[in-house]
Amino acid sequence: KAGELGLEDTRFVRPDGLDKPGHYSTARDVFTLARAAMQRPLIRRLVRMRGETIAGDRSLFTWNDLLGRFPGLIGVKTGHTEEAGWCQVAAARRDGVSTYAVILGGPTRSQRNEDLAELLEWGLAQYARVTVVDADRSYASAAVPFSDERLSLVAGEAGRGVVRLGRPLVETVTAPAIVDLPVARGERLGQIVVSDGTRIVSRRPLVAAVAVGEAGFGERAGWYADQALDEAGGMLTGVFGAIL
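When we follow the working numbering, the leftmost residue of the sequence shown carries the number 53, and every step to the right adds one.
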């Protein structure tokens, strides 16, 4: 199961986590395991509990000292043995941003808590949830048949995502060069994808800003006439240029 989760440097010899030769893990793998566990609603609920009474009158309390003390803390798990020291993987969420911190081999319980709090604060300060796609903003345009006008393609809805502060974002737009008529206002014609180079931050549809109906006979005839005049003008310019 450890292999399925992508734990490359972990070997479980016993299920309770107590010391035993050949039983080991790393901070990265502990984080990977905690993140996978937090996908389960029951685990998310349990690791946020500070205490519970079971079997009638037996009270249990968490060893996660940061619960209720560190703003936004949502878990996850503590651990301590003589050989491993004071260990914990913690997770916090504020303003739509989640971050994890792992301490292994802490010298004391209080030092572990202090280091975790500093790591979590640092991690939360590196990210922010921001608007990366503005609703109704034009991100592209497409040619309209039998017209010199272009159809503006706007974002159908705003896109928000968590970004690493200071990391540049890349916008990738997919849109048609020319539209097929008729086009309804709000019709989806493309999309915009915003990424930070490593992952997609937001993906939103691009829609027609206005409706465009079928071109009538007069519009088609006028367009063809304009094209013919433009071509004739170009030919005459070429002839006069050759004579001169």
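Glycine included, every Cβ here is placed at the ideal spot set by N, Cα and C.
According to the DSSP secondary-structure assignment, Pro257 is paired through a beta bridge with Gln243. Shown here, Leu85 sits in a helix according to DSSP, grouped into three states. 8 Å or more divides the Cβ of Tyr179 from the Cβ of Arg87. Excluding its 5 nearest sequence neighbours in each direction, Ala236 has C-beta neighbours in its own chain below 6 Å: Ala263, listed in chain order.
Here Trp174 is exposed. Its C-beta has fewer than 16 other C-beta atoms within 10 Å.
Gln91 and Ala207 have their C-alpha atoms roughly 31 Å apart. Here Ala227 carries a coil assignment [DSSP, helix/strand/coil]. Per DSSP, reduced to three states, the secondary structure at Glu104 is strand. In the structure shown, Gly175 adopts helical secondary structure according to DSSP, grouped into three states.
Per DSSP, the unbroken beta strand (DSSP E) holding Leu205 starts and ends at 202-207. Approximately 14 Å separates the beta-carbon atoms of Ala194 and Ile244; this is outside 8 Å, ruling out the contact. Cα atoms of Ala144 and Gly108: separation of roughly 32 Å, rounded to the nearest angstrom.
Judged by beta-carbon spacing, Leu233 lies within the 8 Å limit of Pro197, meaning their Cβ atoms are closer than that value. Collapsing the DSSP output to three states places Leu168 in a helix.
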